[in-house]
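Here is the structure we will look at, set down as structure tokens.
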Amino acid sequence: MGAAAEHRGNELIRRQCRETIDAQRDGENAALALQVSEDCNAFTTQAMGYLIEPRGLRQNTVERAKLRRGWGKRHAALCAAHNAWVDTDSRNAYTYHAACVRRAKAAYHLLVFALGCWTIPDHITVPRAAT
């Protein structure tokens, strides 16, 4: 067998292996995207629940933040992200992931604005994708 035939054979094997590896990698990426989406959804639920009914020492700060300038813009961004999240279909992992991350980021910005100089409560877990 000549060198050219060997190169053609190697290229054929490489192409077949690449298809298998790419399919496996896409499956792993989709699973990771769905896991991040679930983490973002859990955070958004916790953050919105806390913003609706703040507790403890931070309660007065959150209630006053709702009257400050800038709340409306951030709240509108969260509403828009939530509407986009509702319109997405969870069967497409990547668009669902993008909508969940966008919603979590909007919730994070609203929560940070509402808390001011206070830290985020310990019972709210912020995923890395939301920051």
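When you line the sequence shown up against my numbering, it's residues 17 to 147, in that order.
Don't be surprised by glycine CBs; every beta carbon is placed ideally from N, CA and C.
Quick caveat: nothing in here was measured; it's all calculated off a predicted structure.
Limits of the unbroken alpha helix (DSSP H) element including residue i
| i | result |
| --- | --- |
| Thr36 | 19 to 68 |
| Arg119 | 109 to 131 |
Three-state secondary structure (DSSP) of residue i
| i | result |
| --- | --- |
| Arg144 | helix |
Proximity to residue i [Cα-Cα], best of the options
| i | options | result |
| --- | --- | --- |
| Ala63 | His125, Glu44, Ile37 | His125 |
| Val128 | His91, Ala49, Arg34, Arg30 | His91 |
| Ile140 | Thr61, Glu22, Cys33 | Thr61 |
| Cys95 | Arg74, Ala115, Ser53 | Ala115 |
| Thr168 | Asp103, Cys56, Gly65 | Residue 168 lies beyond the stretch modelled for the chain, which goes from 17 to 147, so this question has no answer here. |
| Val52 | Glu79, His113, Gly65 | His113 |
| Ala123 | Arg74, Asn108, Cys133, Trp101 | Trp101 |
Chain-order list of residues whose beta-carbon lies under 8 angstroms from that of residue i (same chain, five-residue window excluded)
| i | result |
| --- | --- |
| Tyr110 | Ala46, Ala49 |
| Arg41 | none |
Problem - beta strand (DSSP E) runs wholly inside the stretch 73 to 102, at least 3 long, in chain order - result: As far as the stretch 73 to 102 is concerned, it has no whole beta strand (DSSP E) run of at least 3 residues.
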